[in-house]
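Asker:
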Amino acid sequence: MARKVAEFIDDVNHEMEPTPAAIPMAVPAELDVVPKKGDFVAAVYEGVWNVGKVLKVDESDGDAKISFMKKARGSTSVEKFKWPQPPDKIWVKFNEILCNVNELEPVGKSGREFKLGEDDHELICQIFQMK
(Lines of atoms letter the chains of each structure in order from A; the text may use other names.)
(Lines give C-alpha, C1' and ligand atoms only; values in the text may rest on other atoms or scores of the structure.)
Protein backbone atom coordinates (compact mmCIF):
# COMPACT_ATOMS: atom_id res chain seq x y z
CA MET A 173 0.00 0.00 0.00
CA ALA A 174 2.87 2.40 0.80
CA ARG A 175 4.17 1.81 -2.74
CA LYS A 176 0.73 2.67 -4.17
CA VAL A 177 0.68 5.92 -2.17
CA ALA A 178 4.26 6.74 -3.23
CA GLU A 179 3.37 6.16 -6.90
CA PHE A 180 0.33 8.42 -6.51
CA ILE A 181 2.49 11.16 -5.02
CA ASP A 182 5.04 10.75 -7.80
CA ASP A 183 2.28 11.09 -10.42
CA VAL A 184 0.91 14.20 -8.70
CA ASN A 185 4.38 15.75 -8.51
CA HIS A 186 5.08 15.13 -12.22
CA GLU A 187 1.67 16.01 -13.65
CA MET A 188 0.82 19.15 -11.71
CA GLU A 189 2.39 22.54 -11.24
CA PRO A 190 3.99 22.76 -7.76
CA THR A 191 1.65 25.51 -6.56
CA PRO A 192 -0.50 25.33 -3.42
CA ALA A 193 -3.66 25.43 -5.57
CA ALA A 194 -2.50 22.36 -7.51
CA ILE A 195 -1.94 20.15 -4.46
CA PRO A 196 -4.90 17.83 -3.83
CA MET A 197 -6.60 18.37 -0.48
CA ALA A 198 -7.03 14.67 0.33
CA VAL A 199 -5.66 11.31 -0.65
CA PRO A 200 -8.32 9.35 -2.56
CA ALA A 201 -10.24 6.82 -0.44
CA GLU A 202 -8.85 3.89 -2.43
CA LEU A 203 -5.43 4.80 -1.06
CA ASP A 204 -6.51 4.55 2.59
CA VAL A 205 -4.05 2.42 4.52
CA VAL A 206 -5.57 -0.71 6.05
CA PRO A 207 -2.91 -1.67 8.58
CA LYS A 208 -2.19 -5.02 10.18
CA LYS A 209 -1.49 -5.69 13.84
CA GLY A 210 2.20 -5.03 14.49
CA ASP A 211 2.65 -2.54 11.63
CA PHE A 212 4.39 0.75 12.28
CA VAL A 213 2.43 3.61 10.76
CA ALA A 214 2.34 7.38 10.49
CA ALA A 215 -1.05 8.90 11.29
CA VAL A 216 -2.66 12.26 11.90
CA TYR A 217 -3.17 12.72 15.63
CA GLU A 218 -4.28 16.02 17.20
CA GLY A 219 -3.69 17.86 13.91
CA VAL A 220 -0.09 16.74 13.37
CA TRP A 221 1.47 13.54 12.11
CA ASN A 222 3.01 11.06 14.47
CA VAL A 223 4.26 7.48 14.37
CA GLY A 224 3.13 4.47 16.31
CA LYS A 225 2.56 0.73 16.35
CA VAL A 226 -0.76 -0.87 15.45
CA LEU A 227 -2.14 -2.91 18.36
CA LYS A 228 -5.57 -3.88 16.99
CA VAL A 229 -7.50 -3.49 13.74
CA ASP A 230 -11.29 -3.26 13.42
CA GLU A 231 -12.06 -3.45 9.70
CA SER A 232 -15.82 -3.30 10.31
CA ASP A 233 -15.47 0.14 11.95
CA GLY A 234 -12.59 1.20 9.69
CA ASP A 235 -10.16 2.01 12.48
CA ALA A 236 -7.06 0.78 14.27
CA LYS A 237 -5.84 1.07 17.84
CA ILE A 238 -2.38 2.62 17.75
CA SER A 239 0.19 3.07 20.49
CA PHE A 240 1.78 6.39 19.56
CA MET A 241 5.35 7.44 20.21
CA LYS A 242 6.24 11.03 21.04
CA LYS A 243 8.94 13.19 19.53
CA ALA A 244 12.07 13.24 21.65
CA ARG A 245 13.17 16.61 22.99
CA GLY A 246 16.13 18.19 21.29
CA SER A 247 15.42 16.31 18.09
CA THR A 248 17.47 17.86 15.28
CA SER A 249 17.09 17.23 11.55
CA VAL A 250 16.70 13.52 12.28
CA GLU A 251 13.27 12.71 13.68
CA LYS A 252 13.74 10.91 17.00
CA PHE A 253 10.90 9.38 18.97
CA LYS A 254 10.42 7.54 22.24
CA TRP A 255 7.66 5.55 23.92
CA PRO A 256 5.78 7.71 26.44
CA GLN A 257 4.92 6.58 29.95
CA PRO A 258 2.08 5.87 30.33
CA PRO A 259 1.46 4.56 26.80
CA ASP A 260 -0.58 6.80 24.47
CA LYS A 261 -3.10 4.44 22.84
CA ILE A 262 -6.05 5.64 20.75
CA TRP A 263 -8.33 4.43 17.96
CA VAL A 264 -7.64 6.12 14.61
CA LYS A 265 -9.75 5.93 11.43
CA PHE A 266 -8.04 4.36 8.41
CA ASN A 267 -8.34 7.64 6.47
CA GLU A 268 -6.18 9.34 9.13
CA ILE A 269 -3.38 6.79 8.67
CA LEU A 270 -0.91 8.30 6.23
CA CYS A 271 1.29 5.30 5.43
CA ASN A 272 3.17 2.32 6.79
CA VAL A 273 6.73 3.03 7.91
CA ASN A 274 9.70 0.82 8.61
CA GLU A 275 10.28 -0.11 12.23
CA LEU A 276 12.21 2.72 13.85
CA GLU A 277 15.85 2.07 14.74
CA PRO A 278 17.09 2.50 18.32
CA VAL A 279 19.71 5.24 18.76
CA GLY A 280 21.96 6.26 21.62
CA LYS A 281 23.44 4.26 24.47
CA SER A 282 20.18 3.72 26.32
CA GLY A 283 18.24 2.56 23.26
CA ARG A 284 15.19 4.44 24.53
CA GLU A 285 15.06 6.80 21.55
CA PHE A 286 14.30 5.66 18.03
CA LYS A 287 15.12 7.17 14.64
CA LEU A 288 12.68 7.45 11.75
CA GLY A 289 14.29 6.68 8.38
CA GLU A 290 14.83 9.63 6.04
CA ASP A 291 12.80 8.03 3.21
CA ASP A 292 9.90 7.39 5.59
CA HIS A 293 10.11 10.96 6.89
CA GLU A 294 10.00 12.41 3.37
CA LEU A 295 7.04 10.22 2.35
CA ILE A 296 5.10 11.13 5.52
CA CYS A 297 5.65 14.86 4.94
CA GLN A 298 4.50 14.61 1.31
CA ILE A 299 1.32 12.72 2.18
CA PHE A 300 0.57 14.94 5.19
CA GLN A 301 0.73 18.05 2.98
CA MET A 302 -1.96 16.51 0.75
CA LYS A 303 -4.36 15.69 3.62
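173 is the number of the first residue of the sequence shown in this note's numbering; add one for each residue after it.
All residues carry an ideal CB built from backbone N, CA and C; glycine is no exception.
Give the list of continuous alpha helix (DSSP H) stretches no shorter than 4 residues that lie fully inside the stretch 238-281.
Answerer: Those alpha helix (DSSP H) runs which fall completely within the stretch 238-281 and span 4+ residues do not exist here.
Asker: If we ignore side chains and look at the alpha-carbon of each, how far apart do residue 211 and residue 258 end up?
Answerer: When rounded, the distance between both Cα atoms is 21 Å.
Asker: Do residue 243 and residue 251 come within 8 Å of each other at the CB atom, strictly closer than that value?
Answerer: Yes. Within cutoff.
Asker: Under the three-state reduction of DSSP, which class applies to residue 285: helix, strand or coil?
Answerer: Residue state, collapsed to three classes: strand.
Asker: Less than 8 Å separating the beta-carbons of residue 234 and residue 209?
Answerer: No; because the gap between Cβ atoms is not below 8 Å, this pair is not in contact.
Asker: Go ahead and pull the three-state DSSP assignment for residue 189.
Answerer: Because residue 189 carries a pLDDT of 43, less than 50, the predicted location of this residue cannot be relied on, and no value is offered for it.
Asker: What is the residue span of the alpha helix (DSSP H) that residue 317 lies within?
Answerer: In the structure as shown, the chain starts at 173 and stops at 303, and residue 317 therefore has no counterpart that could be examined.
Asker: Considering just the uninterrupted stretch of the beta strand (DSSP E) at residue 229, what are its terminal residues?
Answerer: Counting along the chain, the beta strand (DSSP E) containing residue 229 begins and ends at 220-230.
Asker: Under 8 Å between the Cβ atoms of residue 240 and residue 217?
Answerer: In contact: residue 240 and residue 217 (Cβ atoms closer than 8 Å).
Asker: How is residue 235 classed by DSSP in three states: helix, strand or coil?
Answerer: Strand.
Asker: Around the C-beta of residue 290, are 16 or more other C-beta atoms found within 10 angstroms, so that it is buried, or is it exposed?
Answerer: Burial call: exposed.
Asker: Name the residue from 303, 223, 231 and 256 whose alpha carbon lies nearest to the alpha carbon of residue 287.
Answerer: With distances taken between Cα atoms, residue 287 lies closest to 223.
Asker: Identify whether residue 206 lies in helix, strand or coil by the three-state DSSP scheme.
Answerer: Note: residue 206 maps to coil in three-state DSSP.
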